[in-house]
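Peer 1: Let me give you the structure first, and then I'll get to my questions.
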Amino acid sequence: LLADAAALAGPDPELAATMGFSGFGKKARTFDLEALFEQTRRTAVERSRKVLEAREREKEDQAEKEFRCLQSDSPASASSARGAPSTLTPRDAACSESEGSSTEELTGPSVQSQTSTRGQNEDTDDEEEDEEFIGPPLPPGFKDSDDDHDDDDMQDEDNNPVKKIPDSHEITLQHGTKTVSAMALDPSGARLVTGGYDYDVRFWDFAGMDASLQAFRSLQPCECHQIKSLQYSSTGDVILVVSGNSQAKVLDRDGFPVMECIKGDQYIVDMTNTKGHTAMLNSGCWHPKIKEEFLTCSNDGTVRTWDVNNEKKHKGVFKPRSAQGKRVIPTTCTYNRDGRLIAAGCQDGSIQIWDRNMSVHTKFHCRQAHAPGTDTSCLAFSYDGTALASRGGDDTLKIWDIRQFKKPLNSAERLPSFFPMTDCCFSPDDKILVTGTSVKRGGGSGKLFFFDRETFQKLYEIDVTNASVVRCLWHPKLNQIMVGTGNGLAKVYYDPVKSQRGAKLCVVKTKRKERQAETLTQDYIITPHALPMFREPRQRSTRKQLEKDRLDPLKSHKPEPPVAGPGRGGRVGTHGGTLSSYIVKNIALDKTDDSNPREAILRHAKEAEENPYWVAPAYAKTQPKTVFAEVEQEDDETDKPEWKKRKI
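Here the sequence shown stands for residues 1 to 648, where the numbers follow UniProt numbering.
This is the structure in structure tokens:
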């Protein structure tokens, strides 16, 4: 076949091109393998030479740095040789470890050492001359003013943790009029969700909001039950909703239900044998590592773990017990940072901690953590996992070391709390502890207190509003503080320099201008299969349609307002514009006609006889003389029997 194709392509190239064999007549390309190998070898040799040169240059630079350090420390070494023992100074250690540091920062050598070093290395390294200091040498220990200023700022922030609190700016989100009892931010900090005593859950999107600060969605997932707790999962795709009923719910990011926990049998005494909670829920949270697992606690005296994929039964049950072995009610529960421990604060004042895989006996417990009979409203583990903060209903805030759990490390008192969900949280750097205080109506303003974790001294306080501070949240990525108050406000504190995204995205957007004319336009109904005579013209643009309607005198005509008071402009005034006034006005009108109807008809008899129009012309030929029906006399019914007489 190839020979035939070549034969076709040879004598007649046009025929070969037509049949598709034109490419077979070309000569094949040849390769010289020896030339290719030689070129590859030369390239490899060249690259190896460059690598060796670079290594030699690095060794020379390192030797020069060590020589400079020795020259700069020669006075110190001389003094140590006189009497003091030979020890490695901090500067020697810094020079020995400065392999990757920049050579542009001057370490403070003397004038003679700089000139001698420059004289020795002038001939060897031409590239180092560009990096040498030009001009007279600087005094030893000199630093640039900008670097010194930056270092001072960093040192001040480390020494003064108050400067790390982002409270220079704030925005206020209006959730409603009742207490904001739940608040949660997703892990990325893009969305905020708030819940309150008004049964509403509102969704706020920082990237989608403008300066009007309006929520993009509001719903009541648990009907007429107060929202106790809200939390995003570790991946941020679902939200746990804990309300006043016995069934927790899981919603997706847009508020649509994903699952609802089953309700247990309230007639079974042993709560382990029930499939779910049988009393009101108090709190709940997600597992920090396993995205499908969450935790709830209830007034039935149990702490239960659940799996999102199995809503028919709980995953595990933990039953807090008092010192006498009786059932106690857990008021708050949480996981530690790695999810291995489960902690619960109970109504008898105790804090009990279990291993997640062992639900029978507690791993740590403190019986007298808070006053008995008070509701421990919050438990929060530190980011390093060693400390536990507890906010008690006895107006105290305590911090514990779970390794020595018998006695608190520190405690703060006189912090009023009137709500069973008053929060406490750690700062992102784990050095500050934050909580809010409650006030009675007209009793001042609720405050947000900041305590040092080590000394428990009050570092700072913020006057939030003239109501209680219930929820507080310090997001580690945004570096912004969210506060929920007792008068339906959700406040966000941030700093334009220290904070990231969040509230900074929405405050810079201008409010959208509302156009009232858009509400007056009629909805366009699309009927693709309608007949041509019934088909409406397609609307091209809302703006153009509004301009066209404005020019139409019928569509743009303003209706006349009702006349109030005396009439004007040819319109009769009314006594009122309501239905009742109209009825009262027309009741007095007497429209009854007492005239004789026979006389009213005979009044037109003469005119009808002279100018007949309706009946007479029709009978002019057939009946020229009018004939009337004879009136029959009524029969006398007196002679008839009773059963034949007409009954009136």
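Where a beta carbon is used, it is the ideal one built from N, C-alpha and C, also for glycine.
Just mark A182 as buried or exposed, buried being the case when its beta carbon has 16 or more other beta carbons within 10 Å.
Peer 2: One-based indexing of the sequence shown puts residue 182 at position 182. Label assigned to A182: buried.
Peer 1: What are the uninterrupted segments assigned as beta strand (DSSP E) that are 3 or more residues long and contained completely in the segment 367-432, given in chain order?
Peer 2: Counting whole runs of 3 or more residues, the segment 367-432 contains the beta strand (DSSP E) stretches 378-381, 387-391, 397-401, 410-412, 424-426.
Peer 1: Whose C-alpha, out of H361, R367, D394, T362, is nearest the C-alpha of T374?
Peer 2: Taking the sequence shown and counting its residues from 1, one reaches residue 374 at position 374. Nearest of H361, R367, D394, T362 to T374, Cα basis: D394.
Peer 1: Could you name each continuous beta strand (DSSP E) segment of 3 residues or more that falls completely within the segment 327-352, going from the start of the chain to the end?
Peer 2: Listed in chain order, the complete beta strand (DSSP E) runs (minimum 3 residues) inside the segment 327-352 are 330-335, 341-346.
Peer 1: Report yes or no: is there a C-beta of chain B within less than 8 Å of the C-beta of K291?
Peer 2: You won't find chain B in this structure, because it holds only one protein chain.
Peer 1: Can you tell me where the alpha helix (DSSP H) holding I601 begins and where it ends?
Peer 2: The residue labelled residue 601 in the question sits at position 601 within the sequence shown. Run containing I601: 597-602, per the alpha helix (DSSP H) assignment.
Peer 1: Can you give me the start and stop residues for the alpha helix (DSSP H) that R543 sits inside?
Peer 2: Mapped onto the sequence shown, residue 543 falls at position 543. First-last of the alpha helix (DSSP H) with R543: 542-551.
Peer 1: For H169, I'd like the list of residues in its chain whose CB is within less than 6 Å of its CB, leaving aside the five on either flank, ordered along the chain.
Peer 2: Along the sequence shown, one-based indexing puts residue 169 at 169. Counting only Cβ-Cβ distances below 6 Å, and skipping sequence neighbours, we find Y494.
Peer 1: Where DSSP assigns a beta bridge to Q220, which residues make up the other side?
Peer 2: Along the sequence shown, one-based indexing puts residue 220 at 220. None; Q220 has no bridge partner.
Peer 1: Using the Cα positions of I525 and K555, report the straight-line distance between them to the nearest angstrom.
Peer 2: If you number the sequence shown from 1, residue 525 lands on position 525. If you number the sequence shown from 1, residue 555 lands on position 555. Near 19 Å, if we compare the C-alpha coordinates of K555 and I525.
Peer 1: Where in the UniProt repeat "WD" (173-205) do unbroken runs of the beta strand (DSSP E), each at least 3 residues long, occur, reported from the N-terminal end onward?
Peer 2: Correct list: 180-185, 191-196, 201-205.
Peer 1: Where in the segment 231-263 do unbroken runs of the alpha helix (DSSP H), each at least 4 residues long, occur, reported from the N-terminal end onward?
Peer 2: Entirely contained in the segment 231-263, not one alpha helix (DSSP H) run reaches 4 residues.
Peer 1: Of the choices L251, I171, E223, whose alpha-carbon is the least far from that of Q214?
Peer 2: Against the sequence shown, residue 214 aligns to sequence position 214. The option with the nearest alpha carbon to Q214 is I171.
Peer 1: Which residue spans inside the segment 289-331 form an unbroken beta strand (DSSP E) run of at least 3?
Peer 2: As far as the segment 289-331 is concerned, its whole beta strand (DSSP E) runs of at least 3 residues are 293-298, 303-307, 316-318.
Peer 1: Ordered along the chain, which non-local residues of its own chain (more than five positions away) have a Cβ less than 6 Å from that of Y232?
Peer 2: Position 232 of the sequence shown, counting from 1, holds the residue named residue 232. Correct list, in chain order: A184, D186, I239.
Peer 1: Grab me the residues of Q368's own chain with a C-beta within less than 7 Å of its C-beta, minus the 5 sequence neighbours each way, in chain order.
Peer 2: Taking the first residue of the sequence shown as 1, we reach residue 368 at position 368. Excluding residues within five positions, the ones whose Cβ falls inside 7 Å are G349.
Peer 1: Just reading off the alpha helix (DSSP H) that V507 is part of, what are its end residues?
Peer 2: Mapped onto the sequence shown, residue 507 falls at position 507. First-last of the alpha helix (DSSP H) with V507: 503-507.
Peer 1: Output the distance between the C-alpha atoms of R57 and L341, rounded to the nearest integer angstrom.
Peer 2: Along the sequence shown, one-based indexing puts residue 57 at 57. Along the sequence shown, one-based indexing puts residue 341 at 341. Taking the straight line from one Cα to the other gives about 56 Å.
Peer 1: Could you pull the start and end residues of the alpha helix (DSSP H) that residue 653 belongs to?
Peer 2: For the chain, the structure presents residues 1 to 648; residue 653 sits outside this window and is missing.
Peer 1: According to the neighbour-count rule (16 or more other Cβ atoms, all chains shown, within 10 Å of its Cβ), is G345 buried or exposed?
Peer 2: What you label residue 345 is simply residue 345 of the sequence shown in a count that begins at 1. When all chains shown are included, G345 counts as buried.
Peer 1: Can you tell which of V497, G486, P641, K509 has the C-alpha that lies nearest to the C-alpha of residue 650?
Peer 2: A query on residue 650 cannot be resolved here, the shown segment of the chain reaching from 1 to 648 and no further.
Peer 1: Could you tell me if P408 is buried or exposed, where buried requires 16 or more neighbouring beta carbons within 10 angstroms of its beta carbon?
Peer 2: By 1-based counting over the sequence shown, the position of residue 408 is 408. It is buried - the Cβ of P408 has at least 16 other Cβ atoms within 10 Å.
Peer 1: With a threshold of 16 other CB atoms inside 10 Å of the CB of I36, please say whether the residue is buried or exposed.
Peer 2: As a first step, residue 36 must be located in the sequence shown, where it is residue number 36. In the sequence as presented, Ile is not what sits at residue 36; that position holds Leu. Exposed, since its Cβ has fewer than 16 Cβ neighbours within 10 Å.
Peer 1: Quick check: is any heavy atom of the ligand MN less than 7 Å from the C-beta of Q247?
Peer 2: Looking at this structure, you won't find the ligand MN or any other ligand, since it has none at all.
Peer 1: Here's a check: name, in chain order, each residue in its chain whose Cβ is nearer than 7 Å to the Cβ of L459, leaving out the five neighbours to either side.
Peer 2: Taking the first residue of the sequence shown as 1, we reach residue 459 at position 459. Same-chain partners within the cutoff: P161, V162, I432, F450, F451, D452.
Peer 1: Count the other CB atoms within 10 Å of the CB of K491; is the residue buried (16 or more) or exposed (fewer)?
Peer 2: By one-based count along the sequence shown, residue 491 stands at place 491. It counts as buried.
Peer 1: Report the option in P617, L397, Y383, A323 whose CA atom is closest to the CA atom of Y335.
Peer 2: As a position in the sequence shown, residue 335 is number 335, starting the count at 1. Cα-wise, what sits closest to Y335 is Y383.
Peer 1: For I351, does the count of other Cβ atoms within 10 angstroms reach 16, so buried, or fall short, so exposed?
Peer 2: Numbered from 1 along the sequence shown, position 351 holds the residue referred to as residue 351. By the neighbour-count rule (16 or more Cβ atoms within 10 Å), I351 is buried.
Peer 1: Relative to the C-alpha of L251, which residue among N245, G244, E260 is closest?
Peer 2: Working through the sequence shown from its first residue, we reach residue 251 at position 251. Measuring from the Cα of L251, the nearest candidate turns out to be E260.
Peer 1: On the three-state DSSP scale, how would you describe L478?
Peer 2: Residue mapping note: residue 478 aligns to position 478 of the sequence shown, counting from 1. In this structure, L478 counts as coil in the three-state DSSP scheme.
Peer 1: Quick check on the DSSP output: the beta strand (DSSP E) that includes L554 runs from which residue to which?
Peer 2: Stepping through the sequence shown from its first residue, residue 554 is reached at position 554. Taken as a continuous stretch (DSSP letters only), L554 belongs to no beta strand (DSSP E), as it is neither H nor E.
Peer 1: How should F206 be labelled, buried or exposed, when 16 other C-beta atoms within 10 angstroms of its C-beta is the threshold for buried?
Peer 2: One-based indexing of the sequence shown puts residue 206 at position 206. When all chains shown are included, F206 counts as buried.
Peer 1: Per DSSP, W354 forms a beta bridge with which residues?
Peer 2: Within the sequence shown, residue 354 is the residue found at index 354, counting from 1. The partner list for W354 (beta bridge, DSSP) reads I342.
Peer 1: Expressed to the nearest angstrom, what Euclidean distance is found between the alpha-carbon atoms of V308 and S468?
Peer 2: Here residue 308 corresponds to residue number 308 of the sequence shown, with the count starting at 1. Here residue 468 corresponds to residue number 468 of the sequence shown, with the count starting at 1. Looking at the two C-alpha atoms, the distance is approximately 34 Å.
Peer 1: Identify whether V483 lies in helix, strand or coil by the three-state DSSP scheme.
Peer 2: Taking the first residue of the sequence shown as position 1, residue 483 is located at position 483. It is a strand residue.
Peer 1: Using C-beta distances below 6 Å, list every residue in its chain close to T272, excluding the 5 sequence neighbours before and after it, in chain order.
Peer 2: Against the sequence shown, residue 272 aligns to sequence position 272. V317.
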